[in-house]
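Down below is the structure, laid out as structure tokens.
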Amino acid sequence: MDTNTNLLDFNVNVLQEQLEELGEPKYRAQQLWHAIYQNQIGALGEATSLPLSLRKILDDKFRLGNLMQINELVSKDNHTTKALFSLPDRHQIETVLMSYKKRRTVCISTQAGCALGCVFCATGQMGFDRHLTVGEIVEQVLWASRKLSVTGHKLTNIVLMGMGEPFHNYDNSIDALNRIEDSNGMAIGARRVTVSTAGHAEAIKRFAEEGRRERLAVSLHAATNNLRSKLMPINRRFPLDELMAACRIYSSITHRRVSFEWALIDGVNDSQEQAQDLCVLLHNIDCHVNVIPLNPTDQYYGDTSSEDATTRFKSQLDKSGIPCTIRVRRGLDIQAGCGQLKSENIGGTS
Ligand code: SAH
Ligand code: SF4
Numbered sequence: 004m005d006t007n008t009n010l011l012d013f014n015v016n017v018l019q020e021q022l023e024e025l026g027e028p029k030y031r032a033q034q035l036w037h038a039i040y041q042n043q044i045g046a047l048g049e050a051t052s053l054p055l056s057l058r059k060i061l062d063d064k065f066r067l068g069n070l071m072q073i074n075e076l077v078s079k080d081n082h083t084t085k086a087l088f089s090l091p092d093r094h095q096i097e098t099v100l101m102s103y104k105k106r107r108t109v110c111i112s113t114q115a116g117c118a119l120g121c122v123f124c125a126t127g128q129m130g131f132d133r134h135l136t137v138g139e140i141v142e143q144v145l146w147a148s149r150k151l152s153v154t155g156h157k158l159t160n161i162v163l164m165g166m167g168e169p170f171h172n173y174d175n176s177i178d179a180l181n182r183i184e185d186s187n188g189m190a191i192g193a194r195r196v197t198v199s200t201a202g203h204a205e206a207i208k209r210f211a212e213e214g215r216r217e218r219l220a221v222s223l224h225a226a227t228n229n230l231r232s233k234l235m236p237i238n239r240r241f242p243l244d245e246l247m248a249a250c251r252i253y254s255s256i257t258h259r260r261v262s263f264e265w266a267l268i269d270g271v272n273d274s275q276e277q278a279q280d281l282c283v284l285l286h287n288i289d290c291h292v293n294v295i296p297l298n299p300t301d302q303y304y305g306d307t308s309s310e311d312a313t314t315r316f317k318s319q320l321d322k323s324g325i326p327c328t329i330r331v332r333r334g335l336d337i338q339a340g341c342g343q344l345k346s347e348n349i350g351g352t353s
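Those letters in the sequence shown? Residues 4 to 353, by our numbering.
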């Protein structure tokens with residue numbers, strides 16, 4: 004295993020200390036920062052604002068990134084690209100780039116695997132490997148941004164909806180967001196970033212209290228504790244009343260609309276009763292519901308809801324005045340659902 008330190012794990016102060024240790028003046032750190040996050044160099048040798056001798060020293064001492072791409076799939080309609088990366092300790096993660104109309108959105112992972120075990124989720128079915136470092140989270144954004152620059156495009160949106168639970172790796176996810184939003188770096192506005200959580204109520208409150216400006220999405224998928232605990236074990240730790248209370252606190256502190264995600268599963272959570280319970284649950288909260296057709300996985304019997312059931316579910320929400328969108332599934336032909344490319348590669352789901 005390569006033991007060189009990953010430069011992307013350094014914040015600007017640490018980078019400065021490291022360069023000072025090498026006897027370099029302070030401004031070198033700014034130059035290197037600029038090269039990495041604004042020019043988005045692919046290798047240290049490309050940091051041409053630095054003297055060649057320093058580039059060589061840095062190249063010997065550090066690594067510019069941890070991700071090694073081992074697979075890439077492009078959907079037939081060309082709108083979705085999914086990359087599978089190997090980490091130095093051989094764990095794997097995936098990143099998805101979606102281009103549609105004027106939006107260029109990257110869906111990034113915050114953990115290798117996930118400990119929360121939602122039954123319908125390919126990542127949850129794999130179990131937990133480890134948290135990603137700040138550098139590993141940020142590098143996925145750099146990958147997408149570099150890839151887009153080849154065709155003259157710019158990244159417009161970031162969603163933390165890949166593998167893992169961002170709030171289970173809270174500090175690294177937040178530091179990564181700070182890095183991505185840094186005005187001396189990639190300068191991506193917080194409003195263009197969405198953090199998706201399976202419902203970690205404590206972290207939702209913390210996120211609000213810390214004044215985070217990113218958008219918040221909460222994966223709900225069921226409106227009763229009984230059903231939700233079966234689908235998402237985290238519901239036993241943070242049941243619906245606690246979760247909804249946290250969402251209300253978030254809403255009142257930030258004055259932001261919360262998005263709720265609902266993957267419709269045939270005969271499981273697509274009934275009129277669940278829709279009614281959902282309307283009661285969301286009563287009086289500024290929100291939006293994203294209905295997502297389930298991506299079937301091998302280790303879960305559930306299937307996608309019929310078109311009829313989907314329309315009925317939405318019309319129930321419409322009647323209660325709850326904004327609701329049925330999301331189009333993209334990249335189905337390349338298993339662009341959470342965790343599916345990795346499980347393909349290790350011989351899991353088909
Ligand atoms: N851990 C976070 C973010 C990653 S999952 C969370 O759970 O919110 C991103 C989204 O994909 C979540 O809304 C999750 O519920 C959803 N998801 C997972 N597996 C899915 C599947 N098989 N079909 C449809 N959506 C799925
Ligand atoms: Fe983890 Fe999210 Fe998948 Fe649940 S849906 S197992 S929280 S990645």
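Where is the CB? At the ideal position from N, CA and C, for every residue including glycine.
On a predicted model such as this, the values are computed, not experimentally measured, just so you know.
- Could you give the distance in angstroms between the alpha-carbon of W146 and the alpha-carbon of S232? Those two C-alpha atoms are separated by around 36 Å.
- Task: Check the DSSP bridge columns for H291 and list the partner residues they point to.
- Result: Paired residue(s): S262.
- Do the region 303-319 and the region 264-279 meet, that is, are 3 or more Cβ pairs less than 8 Å apart? Contact between the region 303-319 and the region 264-279 is present: three or more C-beta pairs spanning the two stretches fall below 8 Å.
- Query: With 16 other CB atoms within 10 Å as the buried threshold, where does H203 fall?
  - Reply: With 16 or more other CB atoms across the displayed protein chains lying within 10 angstroms of its CB, H203 is buried.
- With 8 Å as the threshold, decide whether the Cβ of E264 is near any Cβ in chain C. Structure shown: chain C not included; a single protein chain is present.
- Measuring alpha carbon to alpha carbon, tell me which of A266, F241, F88, Q33 ends up nearest N228. Of A266, F241, F88, Q33, the residue nearest in Cα terms is F241.
- Which residues in the same chain have their Cβ closer than 7 Å to the Cβ of R260, if we skip the five residues on either side of it in sequence? Only D289, C290, H291 meet the Cβ criterion.
- Let me know the secondary structure DSSP gives S323 once reduced to three states. In this structure, S323 counts as coil in the three-state DSSP scheme.
- Query: Beta carbon of R216, beta carbon of R194: below 8 Å?
  - Reply: Judged by beta-carbon spacing, R194 lies within the 8 Å limit of R216, meaning their Cβ atoms are closer than that value.
- Query: Whose C-beta lies closer than 6 Å to the C-beta of T328 among residues of the same chain, with five residues either side of it excluded?
  - Reply: Cβ contact annotation for T328 (same chain, cutoff 6 Å, sequence separation greater than five): N293, in chain order.
- Message: Rounding to the nearest angstrom, what Cα-Cα distance links Q21 and R66 in this structure?
- Response: Whole-angstrom Cα-Cα distance: 13 Å.
- Message: Is M189 close to ligand 2? I mean its beta-carbon at under 7 Å from any heavy atom of the ligand.
- Response: Checking the Cβ of M189 against ligand 2 gives no.
- Message: Let me check one thing: in DSSP terms, what residues is T8 bridge-paired to?
- Response: The beta-bridge partner set that DSSP reports for T8 consists of F65.
- Query: Since K104 is in the beta strand (DSSP E), which residue starts that stretch and which ends it?
  - Reply: Premise fails: K104 is in no beta strand (DSSP E) and is neither H nor E.
- For A115, the three-state DSSP class (helix, strand or coil): Note: A115 maps to strand in three-state DSSP.
- Message: Rounding to the nearest angstrom, what Cα-Cα distance links V2 and N7 in this structure?
- Response: Outside the shown range of the chain (4 to 353) lies residue 2, about which nothing can therefore be said.
- Task: With a 10 Å radius around its C-beta and 16 neighbouring C-beta atoms as the bar for buried, classify R31 as buried or exposed.
- Result: For R31, the number of other beta carbons within 10 angstroms of its own is at least 16, and it is reported as buried.
- Query: Name the DSSP beta bridge partners of E75, please?
  - Reply: According to DSSP, which records beta bridges pairwise, E75 is partnered with A86.
- Item | Through-space distance from R106 to F13, alpha-carbon basis | Distance between the alpha carbons of F13 and R106 is about 30 Å.
- Task: Please report how far the alpha carbon of H258 lies from the alpha carbon of T108, in whole angstroms.
- Result: Looking at the two C-alpha atoms, the distance is approximately 24 Å.
- Message: Given 7 Å as the limit, tell me if E139 has its C-beta closer than that to any heavy atom belonging to ligand 2.
- Response: No, Cβ of E139 sits at least 7 Å from all heavy atoms of ligand 2.
- Task: Determine, using beta-carbon pairs with one atom in the region 142-159 and one in the region 212-226, whether at least three such pairs fall under 8 Å.
- Result: The region 142-159, when compared against the region 212-226, does not touch it at the 8 Å Cβ threshold.
- Query: Less than 8 Å separating the beta-carbons of N74 and P91?
  - Reply: Going by C-beta atoms, N74 is not nearer than 8 Å to P91.
- Task: For C250, collect the residues of the same chain with a Cβ closer than 7 Å to its Cβ; drop the 5 residues on either side in sequence, then sort them by chain order.
- Result: Excluding sequence neighbours, C250 sits near I207, V221, V261, I288.
- Item | Option nearest R93 by Cα separation, candidates A118, R133, V77, P54 | Ranking the options by Cα distance to R93, first place goes to R133.
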